[in-house]
Amino acid sequence: MQGAGWKQALLIMMGLSLAACVSPLSGEPDRTVATSAGKVVTVHPREIDDVLNNPGMGFADFHFGFGHPPKADEYPHTTVAYFRWPWAELEPAEGQYNFALVDGIIAQAKAKGETLAIRIVSEYKTGTPQWLLDKGVGSVKESDGIFPDYNNSIFLDYHERLIRAFGERYGRSLDIDHVDIGSVGCWGEWNTACCGGVEAQCKAFYPTEANQLAITDWYFNYFAGTPLVMLHGGQLKYATARGAGWRGDCFGDYGYFSPDWNHMEHGYAPVLEEPAVADAWKRGPVQMEVCGYIHEWHERGFDLDRILEKGLEWHVSVLNAKSKPVPAAWRPRFNEFLKKIGYRFVLRELTHPATSGAGESFVIQSRWDNKGVAPIYHAWPLAYRLRSGMDRIVAQWGSSADLKQWLPGPSRAEDRVVVPAGVPAGSYTLDVAILAEDARSAIVELAIEGKRADRWYAVSRLEIR
């Protein structure tokens, strides 16, 4: 049963009589139901229409502009910082991993309210370490760096060691939003596009299918529990079937380079015909990087509505606009886009007994709506708490609901909780929140009124006898 039918059935089963009252917290009509077991309260928080600044979604803070960010009125607020590092910077000497480099960026990102998304690249600028090439790994010089022999057994051995080391250090870290399955090809994009003039040599060094699969497996093995994304040029069907999301690095290209071929229609759309890729957003994030810069789209008269609509159709969570200014004339349309990408949770209804006692249990039922185009991809728990008039927390409970399964549309949660013994009699505020994985703090903004400074939401009251 759905919606009102579910609630009506509940009321009928409880043998209730109905009376209306007004919630002092939301201002919305609530329902207090008298049953043989006591009164049951139902509240309906008021929905809001604001852009929400939530983790793991929205515009990305790109490393090119990380130290020199655009002004607040030129670029939307960001919660994800996206960085790419050449292998040579991450392992400057054999076995000496430069964790300090990544830790320093994490600290800066946290200070800005961001988590980190990363890609490791073995081509581009310094690329593969010279000490590794000196061990007998073949390579070819191309326009942006050195293209290594990805099939060389020594290269593969050290490649796996690198992924293992960084996976052990940062896998499951609360500071990491997601990881690109990169480290292959030009710019870590699983291609040979940087090899103009030396295409034959690069193709000879490009990993075989077996080695591509092995490299992909390393990310799943060593970053287990961390959301992963695979660029469309890699082993995308295989990676998405294993639970990865996907990314495109030229979003918005409807003729940026050529009138006869573009990434949107000829590059991305065909790969989405594969069911595993089309449904990848249900398990892993979809991350897009804009083609060129958005101000160039504006100058060249691109159809912005067409581009943004395609992003929603593809269930985008993160848009990397390269930290370049967004034209003022387009900001309202991007704001509407930001209200729809990623996840957007509205608490529609919450039901609980009007009273309980210390040491007693009771049931909290809640009905939600995800108005975004994607779920969340981290194990962030739904939680409830009781708060006294002096802001003292006397009880806090985690829900059994798996929010990663809350796809766009309605979802429900039902949890039996126990009031701790010794809670004094009195009237308490019932708060709700979505917490970080360690359950220490609330991190998600809901699309309802009642947000407190700590990102908990006051939604109802409970009387403790």
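Per our numbering, the sequence shown runs over residues 1106 to 1570. Positions of the beta carbon are idealized from the N, C-alpha and C atoms, including for glycine.
Cβ neighbours of S1516 within its own chain (closer than 6 Å, five residues either side excluded): W1473.
Three or more beta-carbon pairs separated by less than 8 Å are not found between the stretch 1391-1398 and the stretch 1148-1158, which leaves the two stretches without contact. Just so you know, the alpha carbons of V1382 and T1456 end up roughly 38 Å apart.
Runs of alpha helix (DSSP H) with 4 or more residues, each lying fully within the stretch 1342-1408, are found at 1380-1383 and 1399-1404, listed in chain order.
A contact between stretches requires three or more CB pairs, one per stretch, nearer than 8 Å, and the stretch 1420-1435 fails this requirement with the stretch 1456-1466. When the beta-carbon positions are compared, I1268 and Y1327 come within less than 7 Å of each other. 7 Å or more divides the Cβ of L1336 from the Cβ of E1394.
DSSP, read as helix, strand or coil, puts K1308 in helix. Rounded to the nearest whole angstrom, the CA to CA distance from D1166 to D1559 is 24 Å. Across the set N1316, A1547, W1561 and K1445, the C-alpha of A1547 shows the shortest separation from the C-alpha of W1485.
Cβ neighbours of E1265 within its own chain (closer than 7 Å, five residues either side excluded): W1323. Check the Cα spacing between A1315 and each of R1411, N1256 and C1299: the tightest is with N1256. The beta-bridge partner set that DSSP reports for I1286 is empty. Runs of the beta strand (DSSP E) lying entirely within the stretch 1442-1529, each at least 3 residues long, are 1450-1458, 1466-1475, 1487-1492, 1498-1503 and 1514-1523 in chain order.
Annotation: V1431 is outside any beta strand (DSSP E) and is labelled neither H nor E by DSSP. Looking at the DSSP output, R1566 bridges to T1534.
As DSSP reads the structure, L1336 sits in a beta bridge with R1352.
Between Y1263 and L1237, the CB-CB gap stays under 7 Å. Per DSSP, T1220 is one residue of the beta strand (DSSP E) stretching across T1220 to V1226. Shortest Cα-Cα distance from A1552 to any of A1544, V1564, Y1229 and R1545 involves V1564. Taking G1503 as reference, the option from V1451, F1169, H1173 and R1545 with the minimal CA-CA separation is R1545. Comparing alpha-carbon positions, the option among G1232, G1161 and I1210 lying closest to E1196 turns out to be G1232.
Pairing A1506 with L1540 gives a Cβ-Cβ distance that is not under 7 Å. Under the three-state reduction of DSSP, T1147 is assigned to strand. Within the stretch 1178-1216, the runs of alpha helix (DSSP H) that reach at least 4 residues and sit entirely inside it are, in chain order, 1192-1195 and 1204-1216. The C-beta distance from Y1229 to P1253 rounds to 11 Å, too long to fall under 8 Å, and the pair is not in contact. Residues of the same chain with a CB within less than 6 Å of the CB of G1272, apart from the 5 flanking positions on each side, are Y1327 and F1328 in chain order. Taking each of W1511, E1554 and E1542 in turn and checking the Cα distance to S1278, the smallest one comes out for E1542.
The C-beta of R1347 has 16 or more other C-beta atoms within 10 Å across all chains shown, which makes the residue buried.
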